[in-house]
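Numbering (my numbering), first residue to last: 118 to 394.
Here a beta-carbon is modelled for each residue, glycine too, at the ideal position from N, C-alpha and C.
Step one of this worksheet: look at the structure below.
Written as structure tokens, this is what we have:
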């Protein structure tokens, strides 16, 4: 979407007008942010746009939002919900987002919330408190690219607080944005956590953390990977070399500690695959 703003600003000769045009296109349902650096149509067919217009008309006549958004992740409504938000007034758009934040979660809900937030009127998106709640909800849901359309400055701190296992949107976002990973802060969260819910933290810390931090983790039994996560964390250490990151004494100490864990647990531990960026 930033590329579209630059092009429109050049053509129109005014950055403000270019940004306003792109914002109007998003709200009207012409385009929405889909993934990092890409945009796409908010609806798959004209009937989705017509359905959204009908819903907005119904809301103005007093229809009930929970009734309309009873199944927001239903594929038939997937493109309609963001359109409804973009075409609605501020109170109705805010009510839609509030309803989505309390909807039962599944793998598709995060993307629906993110797209609906991106399509919301500027007055709604200017609410920093609501933005943080949106980011927090999406970050805790299963997903891969759901957080990409949300403000990075809001996502980074929330992702560090929410990341646990490797299946959440928070983990996927941090894996895709290594420059935002604070390995020291993540390592501090390992102490006292259950091994079952910190595989994502272990992977990120061992892939992106400084060498001296790896040495400290290898010495501390509270932060050492359990047998179930050892292969996953070894894959993170192997990826460091591919990334061109330091592989000094701390790296070797961490690798040796993990291999000891695996030997002590053999042959009962099943291997874990490496996540993809």
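Buried or exposed (CB count within 10 angstroms, at least 16 for buried), residue 381: exposed
How would you label residue 265, buried or exposed, when you count the other beta carbons within 10 angstroms and need 16 or more for buried? buried
Please return the same chain residues whose Cβ sits closer than 6 Å to the Cβ of residue 288, not counting the five positions on each side in sequence. 280 and 317
Nearest to residue 206 by CA position, among 331, 257, 291 and 172, is which residue? 172
Here's a check: name, in chain order, each residue in its chain whose Cβ is nearer than 8 Å to the Cβ of residue 214, leaving out the five neighbours to either side. 202, 230, 233, 234, 237, 241, 247 and 251
Looking at C-alpha atoms only, which residue of 227, 226 and 179 is the closest neighbour of residue 209? 179
Secondary structure at residue 221, three-state DSSP: helix, strand or coil? coil
Beta-ladder partner(s) of residue 285, from DSSP: 259
Would you call the CB atoms of residue 227 and residue 260 closer than 8 Å? yes
Classify residue 304 as buried or exposed, calling it buried when 16 or more other Cβ atoms lie within 10 Å of its own Cβ. buried
If you reduce the DSSP assignment to three classes, tell me which class residue 352 lands in. helix
Other residues of its chain near residue 298: CB distance less than 7 Å, five sequence neighbours each side excluded: 291, 321 and 325
Count the other CB atoms, across all protein chains shown, that sit within 10 Å of the CB of residue 165; report buried if there are 16 or more and exposed otherwise. buried
Collapsed DSSP secondary structure at residue 266 in the structure displayed: coil
State the DSSP-derived secondary structure class of residue 237, mapped to helix, strand or coil. coil
What did DSSP end up calling residue 298 once you bin it into helix, strand or coil? coil
For residue 319, I'd like the list of residues in its chain whose CB is within less than 8 Å of its CB, leaving aside the five on either flank, ordered along the chain. 307, 342, 346, 349, 350 and 353
I need the straight-line Cα distance from residue 376 to residue 357, nearest angstrom please. 17 Å
Measure the Cβ-Cβ separation of residue 331 and residue 368 and say whether it is below 8 Å. yes
Any heavy atom of the ligand HEM closer than 7 Å to the CB of residue 292? With respect to the ligand HEM, the structure offers nothing, as it holds no ligand at all.
Whole angstroms are fine: how far does the CA of residue 334 sit from the CA of residue 175? 58 Å
Going by Cα to Cα distance, which pick from 366, 254, 296 and 295 is closest to residue 221? 254
Measuring alpha carbon to alpha carbon, tell me which of 378, 170, 327 and 374 ends up nearest residue 200. 170
With 16 other Cβ atoms within 10 Å as the buried cut-off, status of residue 243: exposed
By Cβ distance, which residues of its chain are closer than 6 Å to residue 168, with the 5 residues on each side in sequence left out? 197
Contacting residues, own chain, Cβ-Cβ under 8 Å from residue 218 (five flanking each side not counted): 230, 250, 251 and 254
Under 8 Å, do residue 366 and residue 328 count as touching if we go by C-beta distance? yes
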